[in-house]
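Residue numbers (our numbering): 419 to 617.
Shown next, in the form of structure tokens:
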């Protein structure tokens with residue numbers, strides 16, 4: 419049973435058709451499984467490895483394997499570089515995200531500063547108006563004070579005149595009192611004389 423299956427397997431390998439020829443390509447025979455197995459180094463005699471030349475198919479397979487190894491190596495290097503680029507890109511993206519957060523915070527701070535500046539400008543405008551009003555009041559008070567000082571001088575002069583007039587009135591009253599006393603004395607004297615004459 420094993421020999422029959424083996425013969426069928428070998429016959430199947432032998433019956434594999436050759437690949438279609440491309441332009442400028444010579445026809446190559448497709449080796450059997452036995453030939454491929456026999457061509458492997460572990461199934462060859464040590465002394466026959468250097469003596470048996472490789473077939474074009476084996477040379478092409480070796481070249482394809484070498485190219486495949488190079489392609490695999492390049493692919494691994496490319497994947498390694500791609501991983502590094504991805505890691506750097508991810509780190510840069512995180513940095514950009516942090517920078518964006520900082521920028522948004524700074525922008526919000528600038529907006530708050532702008533609002534505070536506008537409020538300060540409004541307050542400064544109100545203070546300037548108050549200063550202008552106080553300056554006008556101060557000038558008015560200075561004028562009033564100057565007038566008051568002038569009026570104080572006039573009041574002083576009037577007070578002096580009033581004092582002089584009061585002194586004059588007092589002196590006149592004193593003179594009038596003295597005259598009244600003299601008149602009273604003369605009245606009493608005349609009255610006593612009249613009484614003596616009548617009696």
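Positions of the beta carbon are idealized from the N, C-alpha and C atoms, including for glycine.
Just how far apart, CA to CA, sit residue i and residue j?
{"i": "residue 595", "j": "residue 604", "result": "14 angstroms"}
{"i": "residue 609", "j": "residue 602", "result": "10 angstroms"}
{"i": "residue 581", "j": "residue 544", "result": "53 angstroms"}
{"i": "residue 477", "j": "residue 490", "result": "19 angstroms"}
{"i": "residue 575", "j": "residue 600", "result": "37 angstroms"}
{"i": "residue 486", "j": "residue 515", "result": "41 angstroms"}
{"i": "residue 598", "j": "residue 587", "result": "16 angstroms"}
{"i": "residue 499", "j": "residue 505", "result": "10 angstroms"}
{"i": "residue 525", "j": "residue 561", "result": "53 angstroms"}
{"i": "residue 495", "j": "residue 527", "result": "47 angstroms"}
{"i": "residue 539", "j": "residue 510", "result": "42 angstroms"}
{"i": "residue 563", "j": "residue 557", "result": "10 angstroms"}
{"i": "residue 475", "j": "residue 484", "result": "14 angstroms"}
{"i": "residue 592", "j": "residue 615", "result": "34 angstroms"}
{"i": "residue 546", "j": "residue 584", "result": "54 angstroms"}
{"i": "residue 548", "j": "residue 531", "result": "25 angstroms"}
{"i": "residue 517", "j": "residue 523", "result": "10 angstroms"}
{"i": "residue 493", "j": "residue 520", "result": "39 angstroms"}
{"i": "residue 555", "j": "residue 567", "result": "18 angstroms"}
{"i": "residue 488", "j": "residue 480", "result": "12 angstroms"}
{"i": "residue 613", "j": "residue 577", "result": "52 angstroms"}
{"i": "residue 501", "j": "residue 482", "result": "27 angstroms"}
Checklist entry - Considering only residues of the stretch 486–563, which uninterrupted alpha helix (DSSP H) runs meet the minimum length of 4 residues and lie entirely inside it, listed in chain order? => result none
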